[in-house]
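For the sequence shown, the positions run 4 to 174 when the working numbering is used. Note sheet for the following structure.
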Amino acid sequence: MAQALLVIDVQNDYFSGGNYPQWNGDAVLQNIEAAIERAKAKGIAVILVRHVVDTVNGPAPFFGKGTAGAEIHSRILAAAPGAPVIVKEHADSFEQTTLEATLAELGVTELLICGMMTHNCITHTAISKAAEKYDVTVLADCCTTVDEMIHQLALHALSIRVKLAPLGEAI
Numbered sequence: 004m005a006q007a008l009l010v011i012d013v014q015n016d017y018f019s020g021g022n023y024p025q026w027n028g029d030a031v032l033q034n035i036e037a038a039i040e041r042a043k044a045k046g047i048a049v050i051l052v053r054h055v056v057d058t059v060n061g062p063a064p065f066f067g068k069g070t071a072g073a074e075i076h077s078r079i080l081a082a083a084p085g086a087p088v089i090v091k092e093h094a095d096s097f098e099q100t101t102l103e104a105t106l107a108e109l110g111v112t113e114l115l116i117c118g119m120m121t122h123n124c125i126t127h128t129a130i131s132k133a134a135e136k137y138d139v140t141v142l143a144d145c146c147t148t149v150d151e152m153i154h155q156l157a158l159h160a161l162s163i164r165v166k167l168a169p170l171g172e173a174i
């Protein structure tokens, strides 16, 4: 079974100094770095996802196209040099992106998902119609959102649709 680690929206705006810092962001960043290292050691493909908001209709609260906040965190880029980067404009990483084509090209059948906004982009990607053909696991300790309660509620809701596992069990 070919696996891919999908690292969703680990971008500057979600950290201290950004426009929308997330709960427990620094600890989750460390966990995601560890997930990337484990994946690389096991030959698991790493794919980065970057959310960009088009500012043609006005400024964006975060992830504005061309802003430093919309860039992938430098520690993630350093951990996964050369990893494909999927650019998206919607919560679902499959929606109007090249993600499906990239996964097909790599022969992926199992997705390991981590990243930011457990209740939004992680959830929408994990339960996307397009994700149904994959065996999906969300790395619960490699995700975060605006606060702990929303993170836990999102994980609970996801648990009836996909597998949840800590990093140490998943990779």
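Even glycine gets a Cβ: it sits at the ideal position worked out from N, Cα and C. For clarity, every value in this text was computed on a predicted model and none was experimentally measured.
(message) If contact is defined by three or more beta carbon pairs under 8 Å, each pair taking one atom from either stretch, is the stretch 63-81 in contact with the stretch 103-113?
(response) no
(request) From the DSSP output, in three-state form, read off Arg53 for me. (result) Counted from its first residue, the sequence shown places residue 53 at position 50. Strand at Arg53.
(message) With a threshold of 8 Å between beta carbons, is Phe65 in contact with chain B?
(response) The structure shown contains no chain B; it is built from a single protein chain.
(request) Can you give me the Cβ contacts of Ile174 inside the same chain, cut-off strictly under 8 Å, excluding the 5 residues immediately before and after it? (result) Residue mapping note: residue 174 aligns to position 171 of the sequence shown, counting from 1. The answer, listed in chain order, is Leu8, Ala38, Arg41, Ala42, Lys45, Ile47, Leu115 and Leu142.
(request) Could you tell me which residues DSSP puts in a beta bridge with His141? (result) Locating residue 141 in the sequence shown gives position 138, counting from the first residue. It should be noted that the sequence gives Val, not His, for residue 141. The partner list for Val141 (beta bridge, DSSP) reads Ile116 and Leu167.
(request) Determine the closest residue to Thr126 out of Thr100, Thr58, His93 and Thr101, with distance taken between C-alpha atoms. (result) Here residue 126 refers to the residue found at position 123 of the sequence shown. Residue His93 is the option with its Cα nearest to Thr126.
(request) Grab the span of the beta strand (DSSP E) containing Val90 for me, first residue to last. (result) Here residue 90 refers to the residue found at position 87 when the sequence shown is read from its first residue. Element bounds for Val90: Val88 to Lys91.
(message) Within a Cβ cutoff of 8 Å, which residues of the same chain sit near Glu36, ignoring the five residues on either side of it in sequence?
(response) Counting from one through the sequence shown, the residue named residue 36 turns up at place 33. Cβ neighbours of Glu36 beyond the five flanking positions: Arg78, Ile79 and Ala82.
(request) Taking Ala86 as the reference, give the member of Gly171, Thr128, Ile11 and Ser162 with the closest Cα. (result) Taking the first residue of the sequence shown as 1, we reach residue 86 at position 83. Comparing Cα-Cα distances from Ala86 to each of Gly171, Thr128, Ile11 and Ser162, the minimum goes to Ile11.
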